[in-house]
Amino acid sequence: MPAMLEERIISRRLLPLLKPTFWRAVRRAQKHSMVSKRRMQNLWRLMWRGVRAGVSGDYVELGTARGGTALLLDAHRRGFPGGAERQVWLYDAFEDFEPCFARYEDVRRLLFDESDCDPEAVHLVRGFFDKGLATRPPRPIAFLHVDAGGYEGVSAGLDLVWPHLSPGAWLVFDNYGVDEGCRRAVDERVPSGLHRFGHTQAYTMAAREP
Ligand SMILES: C[S@@+](CC[C@H](N)C(=O)[O-])C[C@H]1O[C@@H](n2cnc3c(N)ncnc32)[C@H](O)[C@@H]1O
């Protein structure tokens with residue numbers, strides 16, 4: 024591809040969406056997810072911006088349910104340079120959450136038996152965010168996907184992941200537009216620089232070092 028054309032595609036942020044990896048990952052993820060294709064495109068685009076900017080660290084998800092967006096995060100990790108050094112950390116209370124969105128064993132089977140997630144690189148942590156993050160704390164975080172609602176849960180989760188955010192990490196809050204508790208927890212911690220995407224998603228970037 025001529026360099027000028029490639030540069031134009033990159034500058035329009037279209038490159039990650041043109042990749043067959045992306046479409047394959049979305050098709051697979053959508054079978055197990057409540058997140059729309061458009062919102063998945065935005066997740067992919069932001070993970071890709073992190074890779075392009077050289078942000079180091081793992082991918083972390085608070086709220087995994089049936090494992091759809093978890094598959095997307097792992098497909099991105101494996102699809103880009105440096106993926107072997109990254110890990111994916113997935114936190115959810117599964118059966119302990121009311122109402123139950125998904126059973127731990129079903130999600131474990133989906134990720135590790137029916138998909139090709141590497142158990143050395145993908146960690147499915149069962150428990151409420153405060154317990155899960157305290158017992159299995161993440162390493163530096165390059166990308167955070169918060170897909171849960173409720174003020175207390177989201178606040179507890181954010182407080183525990185905040186110190187681990189790499190400078191320049193992207194944070195996506197999938198329930199921001201539809202869950203008052205999530206919105207309040209985010210607004211208290213992100214007083215400015217929050218972008219909206221569609222009706223429900225909001226995202227921001229962790230402060231870069233001066
Ligand atoms: C909207 S679903 C996640 C959707 C998923 N990312 C997808 O691709 O469809 C929200 C999940 O967050 C979990 N959850 C909500 N609050 C939680 C908390 N405080 N601790 C742990 N898990 C929680 C629920 O069990 C549920 O599975």
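For the sequence shown, position 192 matches number 215 in the working numbering, and the numbering has no gaps at all. Glycine included, C-beta positions come from ideal geometry on N, C-alpha and C.
Notebook entry, point to check: CB of Ala-165 to nearest heavy atom of ligand 1: below 7 Å?
Noted result: No, ligand 1 has no heavy atom inside 7 Å of this Cβ.
Checklist line | Local Cβ density within 10 Å of Glu-84, reported as buried at 16 or more and exposed below that | finding: Glu-84 is buried by the Cβ-count criterion.
Check: Are Phe-45 and Trp-67 closer than 8 Å when you measure CB to CB?
Finding: Taking 8 Å as the cut-off, the Cβ atoms of Phe-45 and Trp-67 count as close.
Next item on the list: Look up Val-148 in the DSSP assignment and give the residues it is bridged to.
Entry: Residue pairing by DSSP places Val-148 opposite Tyr-114 in a beta bridge.
Notebook entry, point to check: Taking Cβ positions only, does Arg-47 come closer than 8 Å to chain D?
Noted result: Looking for chain D here will not work: only one protein chain is present.
Item checked: Residue interval of the beta strand (DSSP E) (run including Phe-220) -> Here the beta strand (DSSP E) through Phe-220 covers 218-220.
Check: Is it right to say Met-70 is buried, meaning 16 or more other beta carbons lie within 10 angstroms of its own, or is it exposed?
Finding: Of the other Cβ atoms in all chains shown, 16 or more fall within 10 Å of the Cβ of Met-70; this residue is therefore buried.
Note to self: According to DSSP, is Ser-215 part of a helix, a strand, or is it coil?
What the structure shows: It is coil, neither helix nor strand.
Next item on the list: Since I believe Arg-131 is in contact with Leu-147 (beta carbons under 8 Å), could you give me their beta-carbon distance rounded to a whole number of angstroms?
Entry: About 6 Å; that satisfies the 8 Å criterion.
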